[in-house]
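Below is one structure, written out as C-alpha cells; comments come after it.
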Amino acid sequence: MTSKLRALALVVPAALAIALTGCTGSPSGATTQPTADPSETVTTEVGLVVHTPCHGDEGVTVVVDTGSLEVGSDPSQVACVITDEPIRAADALLFAHIETQGTKDYPDQIVCRVDGVPSEDTALTADDGTVAYETCASMPPAFAYWSLWVRPAGGEWGYAEEGLSTLELEPGESLQLLFVLNDEPAAPAP
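For reference, each letter of the sequence shown is one residue, going -19 to -1, 1 to 171 in mature numbering (1 follows the signal peptide of the UniProt record, and there is no 0).
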C-alpha cells in the first residue's frame, strides 16, 4: 500500500464518523444513473457511497492510486459503492464521483486521465530521462499509464480483462485504477 493510501486509511474513517453523526439515515432504493454510454442508463440498487473499503459483500470497493506520480491535485481515494446487485465498473466510478477520460482513438478501452490526472502539462519522466506529456490522443507512454485491476472477494488482484464500460463487478469485489510510472508499482497492494 502506498503512503498516500495508508494516510487515507487513517484519516477517512474519522472523517466519516464525524460526517455520519448528522445523518438520520442513508439513501437507498433503485437509482437510475448515467452510464459510460450516454444513450443507456442502468437501474440498480445502490445506496450510499462511503469513503472506506466495503466490508464483506456490502458493495464494490473502488480504489484510485496515483502510485509514485507526484501531482498537486491527487485523486487517490478509497470508496465503497454500496450495492447488493452486480454493477458495471463505469457505473461504480460514476456513483463514487470519479471521472475518467479515454483517448481519442480508444475512448472506452484506455483510461487516459482520472479526475484530470495526469494533466496535459504534467511531465512524465522515464528512467532513461525521456519526458512525455499525456495528450490522450492514442496509447499512453509505455512507462506511464493508468492500469485497471479487479480483485474478487477474498482473492488476489488481477489485471482487468475488459474495459470500464463492459466490466461487471459483483458485491464483495474491488476495482482499482493504479497509475504505473516506470513499472512501479507493479501491482496494487494486497
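Glycine included, C-beta positions come from ideal geometry on N, C-alpha and C. Note that this is a predicted model, so its numbers are computed, not measured.
List the endpoints of the continuous alpha helix (DSSP H) containing residue i.
i: L148; result: Segment: none, L148 is in no alpha helix (DSSP H) and carries neither H nor E.
Let's test the definition: count the other Cβ atoms within 10 Å of the Cβ of residue i and tell me whether it reaches 16, buried, or not, exposed.
i: D109; result: exposed
i: residue 196; result: Residue 196 falls outside the range modelled here, since the chain spans only -19 to 171, and no answer is possible.
i: E80; result: exposed
i: T47; result: buried
i: L(-12); result: At L(-12), the pLDDT of 40 sits below 50, so the modelled position is not reliable and the matter cannot be decided from this model.
i: S57; result: buried
i: P152; result: buried
i: S54; result: exposed
i: A(-3); result: Low local confidence applies: a pLDDT of 33 at A(-3) is under 50, so the model's placement there is unreliable, with the coordinate-based value given in what follows. Answer is exposed; the Cβ neighbour count stays below 16.
i: G3; result: Residue confidence for G3 is low, a pLDDT of 34 falling below 50, so the modelled location carries little weight; the figure read from the coordinates is stated next. Result: exposed.
i: P169; result: buried
i: D18; result: Confidence is the limiting factor: at D18 the pLDDT is only 43, short of 50, which leaves the residue's position unreliable, though a coordinate-based value still follows. Exposed, because fewer than 16 other Cβ atoms sit within 10 Å of the Cβ of D18.
i: V98; result: buried
i: P15; result: Because P15 carries a pLDDT of 44, less than 50, the predicted location of this residue cannot be relied on, and no value is offered for it.
i: P171; result: exposed
What residue from the options has the CA that sits closest to residue i's CA?
i: residue 180; options: D96, T47 and P88; result: Residue 180 lies beyond the residue range present for the chain, which begins at -19 and ends at 171; the question has no answer from this structure.
i: A70; options: L150, A168 and A170; result: L150
i: C117; options: W130, V131 and D102; result: D102
i: T64; options: L105, L50, D164 and V31; result: V31
i: V44; options: P171, Q157, P166 and D164; result: Q157
i: A167; options: L148, W138 and E142; result: W138
i: L144; options: Q82, T111 and D164; result: Going by the sequence as given, residue 144 is Gly instead of Leu. The option with the nearest alpha carbon to G144 is Q82.
i: L142; options: L29, W130 and G28; result: Sequence inspection shows Glu at residue 142; the Leu mentioned does not correspond to that position. Nearest option by C-alpha distance: W130.
i: A123; options: D164, L50 and E51; result: D164
Identify the continuous beta strand (DSSP E) that holds residue i and give its terminal residues.
i: A60; result: Q58 to T64
i: A73; result: No beta strand (DSSP E) holds A73; the alpha helix (DSSP H) holding it covers A70 to F76.
i: A125; result: A125 to R132
i: V41; result: G40 to D46
i: V161; result: S155 to L162
Taking the Cβ atom as the reference point for each residue, do residue i and residue j lie within a distance shorter than 7 Å?
i: V41; j: A77; result: no
i: A125; j: L162; result: yes
i: S146; j: D89; result: yes
i: residue 202; j: S100; result: With the chain running from -19 to 171 in the structure shown, residue 202 is simply not present.
Assuming residue i and residue j form a contact by the criterion Cβ under 8 Å, report the distance between their Cβ atoms to the nearest whole angstrom.
i: T33; j: V59; result: 6 Å
i: S128; j: Y114; result: About 19 Å separates the two Cβ atoms, so there is no contact after all.
i: T84; j: C93; result: 5 Å
i: I91; j: P121; result: 7 Å
Does chain B have any CB closer than 7 Å to the CB of residue i?
i: V92; result: Protein chains in the displayed structure number just one, and chain B is not present.
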